[in-house]
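Visitor: My questions will all concern the structure given below.
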Amino acid sequence: MRLLCMLLALCYLLPVQAVTSSVFDYDIKHWTSANGLASNSVRTITQDQQGYLWFGTLYGLHRFDGQQFEIFTTETHPQLASNAITQLLTDKEGRIWIGTKAGLSVFHPQQWQFQRLPLYNEVTSILELDNGEIWVAADQLFSVSQGQVKRVEHIKAVVSQLTYFQQQLWVAAAEYLYQRTPDGEWLQHALPTELMQTPLYDLSGSDEGLFLASESGLYRLTEQGVKAQALPDGSVAPVYQVLQDAHGATWISAYRKLFYRFGQEHWQTVTLEELGSSPWFSALYQDQQQHLWLSSFSDGVFRASLAQIRRLQPGHDPVVRSLGLTPQGQLLIAAQTELGILDKAGFYRQLLAEEALQAQTVHDMFWPDEHTLWLAMERGLYQLDEEQGRLLPVFPQLQGQTVRAMVPDPLGRVWIAALQGLYQVVDGELHFSELNQQLESRQITTLNRNERQLLLGTSRGLYRWQNNRLSRQGSGTALYNAYILAALLLPDDTTLVSTLDDGIFIMLPGQSWQQLHGGNGLVHGPAVSFYYHQHSGWIWVSTHKGIFRLQRASLEAARTEGYRLEEILSPFDRQMGSLSSRCCNGAGASKVVYWQQQLWYPTLKGVVSVPELPAVSALPEPRPHLKSVNAQHFYPVAATQRSVVLEQYERNMQLSFTALEFDRPESLVFRYKLEGFDKDWHVSPQRREAVYTNLPPGNFDFLLQVKYRHQQWQDAAQAQLQLVIPRRFDETLIYRLLWLLLFISTLYGLFWLYRQNALLKQEQLARLVQQRTLELENSNQRLNVLNEQLQQLTHRDSLTGLRNSRFLSEQLPKDIEHFQRNIDSLQQQGKIIALLVLQADGLDQLLATHGKGLADSLLQHFSAVLSRETRGSDYVVRLDDGRFVVVFREILQQQVGPYSRRLLDLLSGCDLALGDGSPLTLSVSGAYAWYPLPLLGGSLLSWEFSLQLASLALRQLQQHGRVAKVASLQFASQLDAFEFEETEDLEQQVNRLQAEGLIWLKTE
108 MRLLCMLLAL CYLLPVQAVT SSVFDYDIKH WTSANGLASN SVRTITQDQQ
158 GYLWFGTLYG LHRFDGQQFE IFTTETHPQL ASNAITQLLT DKEGRIWIGT
208 KAGLSVFHPQ QWQFQRLPLY NEVTSILELD NGEIWVAADQ LFSVSQGQVK
258 RVEHIKAVVS QLTYFQQQLW VAAAEYLYQR TPDGEWLQHA LPTELMQTPL
308 YDLSGSDEGL FLASESGLYR LTEQGVKAQA LPDGSVAPVY QVLQDAHGAT
358 WISAYRKLFY RFGQEHWQTV TLEELGSSPW FSALYQDQQQ HLWLSSFSDG
408 VFRASLAQIR RLQPGHDPVV RSLGLTPQGQ LLIAAQTELG ILDKAGFYRQ
458 LLAEEALQAQ TVHDMFWPDE HTLWLAMERG LYQLDEEQGR LLPVFPQLQG
508 QTVRAMVPDP LGRVWIAALQ GLYQVVDGEL HFSELNQQLE SRQITTLNRN
558 ERQLLLGTSR GLYRWQNNRL SRQGSGTALY NAYILAALLL PDDTTLVSTL
608 DDGIFIMLPG QSWQQLHGGN GLVHGPAVSF YYHQHSGWIW VSTHKGIFRL
658 QRASLEAART EGYRLEEILS PFDRQMGSLS SRCCNGAGAS KVVYWQQQLW
708 YPTLKGVVSV PELPAVSALP EPRPHLKSVN AQHFYPVAAT QRSVVLEQYE
758 RNMQLSFTAL EFDRPESLVF RYKLEGFDKD WHVSPQRREA VYTNLPPGNF
808 DFLLQVKYRH QQWQDAAQAQ LQLVIPRRFD ETLIYRLLWL LLFISTLYGL
858 FWLYRQNALL KQEQLARLVQ QRTLELENSN QRLNVLNEQL QQLTHRDSLT
908 GLRNSRFLSE QLPKDIEHFQ RNIDSLQQQG KIIALLVLQA DGLDQLLATH
958 GKGLADSLLQ HFSAVLSRET RGSDYVVRLD DGRFVVVFRE ILQQQVGPYS
1008 RRLLDLLSGC DLALGDGSPL TLSVSGAYAW YPLPLLGGSL LSWEFSLQLA
1058 SLALRQLQQH GRVAKVASLQ FASQLDAFEF EETEDLEQQV NRLQAEGLIW
1108 LKTE
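Following my numbering, the numbering of the sequence shown begins with 108 at its first residue and continues without gaps.
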């Protein structure tokens, strides 16, 4: 649960030096179950040698690095005696002794192992002696040495608490307080009756003596014995622990109260009313960095660290607007409702009350002389009349407008920045500056100057007045039109300018503007004030959320190396009695004062002071830690461990890392690299582990760096761990040589077997080839016979036994090819190729009248006559049901007609008898065509064209009713073959040419 605002308990006239001893100067952090604790009931705290914090709760043991809680329970670690942890102790060897309600265990961080010891009662106290022996109070008193548990026989009673004070051992038992002197003598002190039967929570010593914290109150050992002692507020309540820290402050944890006193000063009390939650702390523990950890019975864990930032509320009003330093060396504080002075002794004196300020805010302060004070306010410029306690207007022209800043120059003039523009005071008279005509915006927000120049910040850019010339700055950058909040001119003319939305602009002498923004290191938002400490070279920058500084010398290398910022106050820091983000109020002039070697800033909760040379920054340098390497085995990494040797087969691993940062763990950024494997760094803003798979064998260096977000990587802290992955036997050179030898031997064996097998196969193959050759010859002979038979079957008509159209399409191109090769000699002899198409007249009518049988008989008769009467070089082809083609190869041109006429007469003269014995006489018509056609370029036309012309002539013959005739198409001598080259409809083209008299039908 987050802490609520605490009320400041400082007195009204408290000296400045007394602020350092206030409980309200401690920074507070808080963690609960919402942050990862298994239980809000935390009973004990310790810190190991690496810096981890260990918390014992009712539900397990926790290890804390500032970000994550690692929880150890009996379920995950059976050697842990119980989940209810009561006591924790880190000994000189780094072991952690864990007392529980069910006995004692010890954790060995080097081996990352828990060890259960044979002690089974509830442990109420653990103590390490100078000789390294561990004493344990668990009903009885036990000592543990070299892993052996022994009972201390001198004390038989029930023992509750142990402590080592003034080089003596003290043991609190049921009725007595035992004391063992350095020489081994035991003394005893009787306990008061009311203390004998009540729980004793703590036994501790301080400068005031030995204290006993119990349920019945606080007791102290005096010369008269153990006496009850009232709490600082005079009450009597259960007390849980008394602690004197390394700073000399004493803390008392009581029931719902926490008491604090520094040295011999007055006690201060933190209660429920101030803390917001009950300060019911079970244990107080101071770590190695002298931070105080407070474990609560019901509200988690708190951490209180003494802050170097001091807070002071000298007046009644906590809201401070502006600060100034008087000529007398006093701090002038302008609050929202009052104006006062704080002197060097720390006493505050009010100058103006709320009525005199008239609800105006003081923006700036200026002393024209030692006794005159001007105040730049909301409704004009006023002069303080201290005697009358009132404000007097200085210049009537400024009445009613806000005055932001005032700055003098070496000529005795005073520059005044007001709402309506820039003014000058010359010889006591106010003048409206001529520079206003050159300003885009007359709303002046800040003024700053050195001996040579003046800077004017406006709501629309920055202007520089130098050598009687006004120039606007930042052309081509975001500064040109930016809203200016603050400006600073260094003696060497280095310029720093803060803007509302664009960060800080920096210009070194003779160089261009640089920009510091959120992307390259600026933290906490826009800057509201600058201060340059010339002696140290630090430039201090304040924002509404924090304070940081940077060295002037570092600006030279900022372009290449980045900005090296040192954070002094972060928004995550919170003092007791204040909210986080406690800085800083206002913007522009009078927002920082250097006084008493400290920088003073106005805030909404008084003023805060920062030492000129702070001991440490608000955020100490983070220390990266490698926690473990988790492969198939778990390898914890000890603080001094530099290498981890893995098993041969472990190639996938997860490396866990962290950094011990308890203030701002969320602002840490990690990056890691496995040298020898990774080429680049891996940045990990949130995840705190690195995963690698399939790593090769070898030695690798795992590098881990951590920094804050606003820092550069060259400022990062680094940790290194060597990872050794041994080679498996199968990855060694011997193994590979053995494999090579085996491979070569195998190849040789395979080659020998192959050679022997090849020789054997060669002999078998020779015999087989001889056998198969003979078989193949026989098979080829049979196959040739079958092929010829098949060819005959495929090239002949099944009904007539004549050649079919397939034979024609295969054979005729061969005949034409032969004719073309010998065309010259054949044409000289007058020979051509002729195609005669024959068709029986009236075959369809005969088929319809007498059936297919008679038609088939007629066709067979025709085929017999044609086969008998044609020449041996010619062949007859049946085209379809009633048509035949006779191919005359190399026949004289003048013989085609007579020979065709003779075949036609032979076919027409055939007499057939019908089924009833009556005779049947049919006529046959025919038409022929030549190849090549007797045309110009006739050889360009294919034999298919000649066949089509013959079929067309036959059809025309039949259309004219002429039967038993032989016809052919004759061509005029001037007719060219190109007339038919692109003809799609041959019949139409022939009809056209016949109409023109170029083609005619000849019958014989």
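A virtual CB, placed ideally from N, CA and C, is assigned to each residue, including glycine.
1. Please name the residue, chosen from Leu-168, Leu-554, Gly-158, that lies closest to Leu-144 on a Cα-to-Cα basis.
2. In whole angstroms, what separates the C-alpha of Gln-529 from that of Ile-440?
3. Hey, is the segment 1002-1016 in contact with the segment 916-935, meaning 3+ C-beta pairs nearer than 8 angstroms?
4. Mapping the DSSP letters down to three states, classify Ser-697 as helix, strand or coil.
5. Can you give me the C-alpha to C-alpha distance between Ser-791 and Phe-404, rounded to a whole angstrom?
6. With Gly-487 and Gly-507 assumed to form a contact (beta carbons below 8 angstroms), what rounded beta-carbon distance in angstroms separates them?
7. For Leu-942 versus Ser-1007, is the C-beta spacing smaller than 8 angstroms?
8. Label Gly-617 either buried or exposed according to how many other C-beta atoms from any shown protein chain fall within 10 Å of its C-beta, with 16 as the threshold for buried.
9. How would you write the range of the beta strand (DSSP E) that Gly-960 sits in, first residue to last?
10. In three-state terms, what does DSSP make of Phe-1085?
11. Determine the extent of the beta strand (DSSP E) in which Lys-734 is found, giving its start and end residues.
12. Provide the residue span of the alpha helix (DSSP H) that contains Asn-1098, from first to last.
13. When the Cα atoms are used, what is the spatial distance from Arg-1062 to Leu-1093?
14. Buried or exposed for Thr-183, please, with buried defined as at least 16 other CB atoms from any protein chain shown within 10 angstroms of its CB.
15. Give me the Cα-Cα distance between Ala-525 and Ser-384, rounded to the nearest whole angstrom.
16. Give the DSSP bridge partners of Pro-500, in chain order.
17. Could you compute how far the alpha carbon of Glu-728 sits from the alpha carbon of Gln-443?
18. Relative to the C-alpha of Arg-556, which residue among Ala-512, Asn-543, His-538, Glu-541 is closest?
19. Between the segment 1036-1045 and the segment 961-977, do at least 3 Cβ pairs fall closer than 8 angstroms?
20. Alpha carbons only, please: which of Lys-136, Val-751, Pro-434, Lys-451 is nearest the one belonging to Gly-703?
21. Could you pull out every residue in the same chain whose Cβ sits closer than 7 angstroms to the Cβ of Gly-805, ignoring the five residues on either side in sequence?
22. According to the neighbour-count rule (16 or more other Cβ atoms, all chains shown, within 10 Å of its Cβ), is Tyr-861 buried or exposed?
23. Mind pulling the beta strand (DSSP E) runs of 3 or more residues that sit fully within the segment 533-604?
24. Within this structure, are the beta carbons of Gln-621 and Arg-666 separated by less than 8 angstroms?
25. DSSP three-state label for Gln-1030, please.
26. What does Phe-272 pair with, by DSSP beta-bridge criteria?
27. Among Ile-654, Asp-132, Val-251, Ser-146, whose alpha-carbon lies nearest the alpha-carbon of Leu-165?
28. Output the boundary residues of the beta strand (DSSP E) element that contains Val-346.
29. In three-state DSSP terms, what is Ile-440?
30. Determine, using beta carbons only, whether Val-776 and Val-408 come nearer to each other than 8 angstroms.
31. Roughly how far, in whole angstroms, is the beta-carbon of Gln-298 from the beta-carbon of Thr-270, given that I think they are within contact range, below 8 angstroms?
32. Whole angstroms is fine: what's the gap from Gln-1081's alpha carbon to Leu-1056's?
33. How is Phe-769 classed by DSSP in three states: helix, strand or coil?
34. Going by Cα to Cα distance, which pick from Leu-881, Ala-356, Asp-608, Leu-248 is closest to His-279?
35. Does the structure place the segment 386-400 close enough to the segment 324-340 that three or more beta carbon pairs sit under 8 angstroms?
36. Buried or exposed: where does Gly-856 fall if 16 or more other Cβ atoms within 10 Å of its Cβ makes it buried?
Guide: So, to answer that:
1. As a working mapping, residue 144 is identified with position 37 in the sequence shown. The residue among Leu-168, Leu-554, Gly-158 with its C-alpha nearest the C-alpha of Leu-144 is Leu-168.
2. Translated into positions along the sequence shown, residue 529 becomes position 422. Translated into positions along the sequence shown, residue 440 becomes position 333. Here residue 529 turns out to be Leu, not Gln, going by the sequence shown. In a straight line, the C-alpha of Leu-529 is about 26 angstroms away from that of Ile-440.
3. The segment 1002-1016, when compared against the segment 916-935, does not touch it at the 8 angstroms Cβ threshold.
4. For this step, residue 697 is matched to residue 590 along the sequence shown. In the structure shown, Ser-697 sits in coil (DSSP, three-state: anything other than H, G, I, E or B).
5. As a working mapping, residue 791 is identified with position 684 in the sequence shown. As a working mapping, residue 404 is identified with position 297 in the sequence shown. In this structure, the straight-line span from the alpha carbon of Ser-791 to that of Phe-404 is close to 36 angstroms.
6. Position 380 of the sequence shown, counting from 1, holds the residue named residue 487. Position 400 of the sequence shown, counting from 1, holds the residue named residue 507. Their Cβ separation, rounded to whole angstroms, is 6 angstroms, which keeps Gly-487 and Gly-507 in contact under 8 angstroms.
7. As a working mapping, residue 942 is identified with position 835 in the sequence shown. As a working mapping, residue 1007 is identified with position 900 in the sequence shown. Remark: C-beta atoms of Leu-942 and Ser-1007 do not approach each other more closely than 8 angstroms.
8. The residue you call residue 617 lines up with position 510 of the sequence shown. Counting the other Cβ atoms within 10 Å of the Cβ of Gly-617 gives fewer than 16, which makes it exposed.
9. Your numbering for residue 960 matches position 853 in the sequence shown. That residue, Gly-960, is in no beta strand (DSSP E); its alpha helix (DSSP H) goes 959-976.
10. As a first step, residue 1085 is located in the sequence shown; it is residue number 978 there, counting from the start. In this structure, Phe-1085 counts as helix in the three-state DSSP scheme.
11. Here residue 734 refers to the residue found at position 627 when the sequence shown is read from its first residue. Lys-734 -> beta strand (DSSP E) spans 731-737.
12. In the sequence shown, counting from the first residue as 1, residue 1098 sits at position 991. Per DSSP, the continuous alpha helix (DSSP H) segment holding Asn-1098 begins and ends at 1093-1102.
13. Residue numbering aside, residue 1062 sits at position 955 when the sequence shown is read from its first letter. Residue numbering aside, residue 1093 sits at position 986 when the sequence shown is read from its first letter. Within the model, the alpha-carbon separation for Arg-1062 versus Leu-1093 is close to 13 angstroms.
14. Here the question's residue 183 lines up with position 76 in the sequence shown. Exposed, since its Cβ has fewer than 16 Cβ neighbours within 10 Å.
15. Within the sequence shown, residue 525 is the residue found at index 418, counting from 1. Within the sequence shown, residue 384 is the residue found at index 277, counting from 1. Computed Cα separation, rounded: 48 angstroms.
16. Indexing the sequence shown from 1 puts residue 500 at position 393. As DSSP reads the structure, Pro-500 sits in a beta bridge with Tyr-489.
17. Within the sequence shown, numbered from 1, the residue matching residue 728 stands at position 621. Within the sequence shown, numbered from 1, the residue matching residue 443 stands at position 336. Rounded to the nearest angstrom, the two C-alpha atoms are 38 angstroms apart.
18. Counting from one through the sequence shown, the residue named residue 556 turns up at place 449. In this structure, Ala-512 is the residue among Ala-512, Asn-543, His-538, Glu-541 with its C-alpha nearest to the C-alpha of Arg-556.
19. Because the criterion of three Cβ pairs below 8 angstroms is not met, the segment 1036-1045 and the segment 961-977 do not touch.
20. Residue 703 sits at position 596 when you count from the first residue of the sequence shown. Note that residue 703 is Gln in the sequence shown here, rather than Gly. Among Lys-136, Val-751, Pro-434, Lys-451, the Cα nearest to that of Gln-703 is on Lys-451.
21. In the sequence shown, counting from the first residue as 1, residue 805 sits at position 698. The answer, listed in chain order, is Gly-783, Ile-832.
22. Position 754 of the sequence shown holds residue 861. Classification for Tyr-861: exposed.
23. Fully contained in the segment 533-604 are the following beta strand (DSSP E) runs of length 3 or more, in chain order: 536-539, 551-556, 560-565, 568-573, 576-579, 591-596.
24. Position 514 of the sequence shown, counted from the first residue, corresponds to residue 621. Position 559 of the sequence shown, counted from the first residue, corresponds to residue 666. Result yes, Cβ atoms of Gln-621 and Arg-666 sit closer than 8 angstroms.
25. To locate residue 1030, count along the sequence shown from 1; it is residue 923. Checking the displayed sequence, the identity of residue 1030 turns out to be Ser instead of Gln. In this structure, Ser-1030 counts as coil in the three-state DSSP scheme.
26. Mapped onto the sequence shown, residue 272 falls at position 165. Residue pairing by DSSP places Phe-272 opposite Gln-275 in a beta bridge.
27. Locating residue 165 in the sequence shown gives position 58, where the first residue counts as 1. Residue Ser-146 is the option with its Cα nearest to Leu-165.
28. By one-based count along the sequence shown, residue 346 stands at place 239. From DSSP, the beta strand (DSSP E) with Val-346 extends over 346-351.
29. Taking the first residue of the sequence shown as 1, we reach residue 440 at position 333. In the structure shown, Ile-440 sits in a strand (DSSP, three-state: E or B).
30. By one-based count along the sequence shown, residue 776 stands at place 669. By one-based count along the sequence shown, residue 408 stands at place 301. Cβ atoms of Val-776 and Val-408: not closer than 8 angstroms.
31. Walking along the sequence shown from the start, residue 298 turns up at place 191. Walking along the sequence shown from the start, residue 270 turns up at place 163. Looking at the sequence provided, one finds Leu at residue 298 rather than Gln. At roughly 15 angstroms, the Cβ-Cβ gap does not stay under 8 angstroms, so Leu-298 and Thr-270 are not in contact.
32. Sequence index remark: in the sequence shown, residue 1081 carries index 974 (1-based). Sequence index remark: in the sequence shown, residue 1056 carries index 949 (1-based). Answer to the nearest angstrom: the Cα atoms are 18 angstroms apart.
33. Residue 769 sits at position 662 when you count from the first residue of the sequence shown. Residue state, collapsed to three classes: coil.
34. Residue mapping note: residue 279 aligns to position 172 of the sequence shown, counting from 1. Note on residue identity: the sequence assigns Ala, not His, to residue 279. Closest option to Ala-279, Cα to Cα, is Leu-248.
35. No: fewer than three Cβ pairs fall under 8 angstroms.
36. Taking the first residue of the sequence shown as position 1, residue 856 is located at position 749. By the neighbour-count rule (16 or more Cβ atoms within 10 Å), Gly-856 is not buried but exposed.
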